[in-house]
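Quick notes on the structure that follows.
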Amino acid sequence: SLSMAELTAVLPDIQWKPTSYREFGLFSTSQKLDQAFLDTLGGTLLLAQELSACGTIGDIPKLLKEALGTRKSKATFSIRAYGLKHDQVHTLLRDCKNYLKDNKIPSRYVGNEHTPAKAIQLHDEGLISGKEGCEILILADEDGEKIWIGKTIAAHDIKAYTLRDIGKPVRDTQVGLLP
Numbered sequence: 180s181l182s183m184a185e186l187t188a189v190l191p192d193i194q195w196k197p198t199s200y201r202e203f204g205l206f207s208t209s210q211k212l213d214q215a216f217l218d219t220l221g222g223t224l225l226l227a228q229e230l231s232a233c234g235t236i237g238d239i240p241k242l243l244k245e246a247l248g249t250r251k252s253k254a255t256f257s258i259r260a261y262g263l264k265h266d267q268v269h270t271l272l273r274d275c276k277n278y279l280k281d282n283k284i285p286s287r288y289v290g291n292e293h294t295p296a297k298a299i300q301l302h303d304e305g306l307i308s309g310k311e312g313c314e315i316l317i318l319a320d321e322d323g324e325k326i327w328i329g330k331t332i333a334a335h336d337i338k339a340y341t342l343r344d345i346g347k348p349v350r351d352t353q354v355g356l357l358p
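Using the numbering used here, you'd call the opening residue of the sequence shown number 180 and step up by one each time.
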């Protein structure tokens with residue numbers, strides 16, 4: 180795909196790993212990957228850093244707590260899950276919230292079991308920067324036994340894209356509209 184070709188071109192030491200998902204590419208590199216790096220790309224929408232290559236659903240609340248680190252304010256989190264059923268994601272969201280509560284971390288989540296948080300929400304809620312929380316990305320195989328778990332470190336920034344590529348922070352309604 181275009182994103183894989185783009186990443187291969189800009190990351191000379193990239194090592195692709197096998198995955199059953201056509202929409203995702205798992206890889207390793209020694210390069211630093213962050214939001215600034217993603218902003219230089221055109222076809223890649225999201226980057227996540229591996230937390231566990233072969234985890235289980237039960238591992239996710241603990242990994243989320245570790246990814247959030249120590250904090251005094253309310254944590255915001257999101258779950259982006261592929262290969263899990265909606266009811267599994269719903270249960271996981273509640274389990275994560277309860278686990279954090281048991282560890283004295285007040286929290287809320289964005290997105291739901293049907294639709295993960297939009298990229299713009301990740302930026303607006305401070306989940307990419309890690310300032311307010313984080314997003315956990317889950318890729319499960321068909322039977323849900325083998326699960327890849329990662330933390331989203333960069334996502335398509337639609338506001339920056341609009342300013343950079345269109346050059347107009349506000350839409351001009353006087354140009355190009357029919358009477």
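Think of the CB as a built atom: it goes at the ideal place given N, C-alpha and C, for glycine as much as any other residue.
What residues match up with residue i in a beta bridge as DSSP calls it?
i: residue 318; result: 261 and 327
i: residue 203; result: In DSSP, residue 203 forms no bridge with anything.
i: residue 312; result: 255
Closest by CA to residue i, which one among the options?
i: residue 203; options: 338, 345, 341 and 319; result: 319
i: residue 201; options: 180, 230 and 258; result: 180
i: residue 307; options: 195, 206 and 215; result: 215
i: residue 338; options: 289, 210 and 303; result: 303
i: residue 274; options: 238, 297, 205 and 264; result: 238
i: residue 277; options: 313, 244 and 197; result: 244
i: residue 272; options: 262, 211, 193 and 315; result: 315
i: residue 265; options: 184, 293, 212 and 297; result: 293
i: residue 250; options: 312, 305 and 240; result: 312
i: residue 331; options: 291, 269 and 296; result: 296
i: residue 263; options: 185, 198, 188 and 327; result: 327
i: residue 335; options: 301, 186 and 325; result: 301
i: residue 206; options: 213, 212 and 196; result: 196
i: residue 198; options: 233, 213 and 188; result: 233
i: residue 381; options: 279, 182 and 228; result: Lying outside 180 to 358, the shown extent of the chain, residue 381 is not represented and no answer is given.
i: residue 282; options: 188, 248 and 185; result: 248
i: residue 228; options: 188, 329 and 325; result: 329
i: residue 255; options: 270, 287 and 187; result: 287
Residue i by DSSP, collapsed to three states: which one?
i: residue 332; result: strand
i: residue 220; result: coil
i: residue 359; result: Because the chain here runs from 180 to 358, residue 359 falls outside it and cannot be looked at.
i: residue 214; result: helix
Quick test of your reading: residue i and residue j, contact by CB under 8 Å. State the CB separation rounded to the nearest angstrom.
i: residue 260; j: residue 317; result: 4 Å
i: residue 225; j: residue 333; result: 7 Å
i: residue 230; j: residue 220; result: Between residue 220 and residue 230 the Cβ distance is about 22 Å, and since that is not below 8 Å, they are no contact.
i: residue 285; j: residue 310; result: Residue 285 to residue 310, Cβ: 16 Å. No contact.
i: residue 223; j: residue 217; result: 6 Å
i: residue 236; j: residue 267; result: 7 Å
i: residue 305; j: residue 258; result: Going by Cβ atoms, the distance from residue 305 to residue 258 rounds to 17 Å, so no, they are not a contact pair.
Which parts of the region 254-301 are runs of the beta strand (DSSP E), unbroken and 3 residues or longer, counting only runs that do not cross its ends?
-> 254-261 and 286-288
Which whole runs of the alpha helix (DSSP H) in the region 224-248 are 4 residues long or more, in chain order?
-> 239-247
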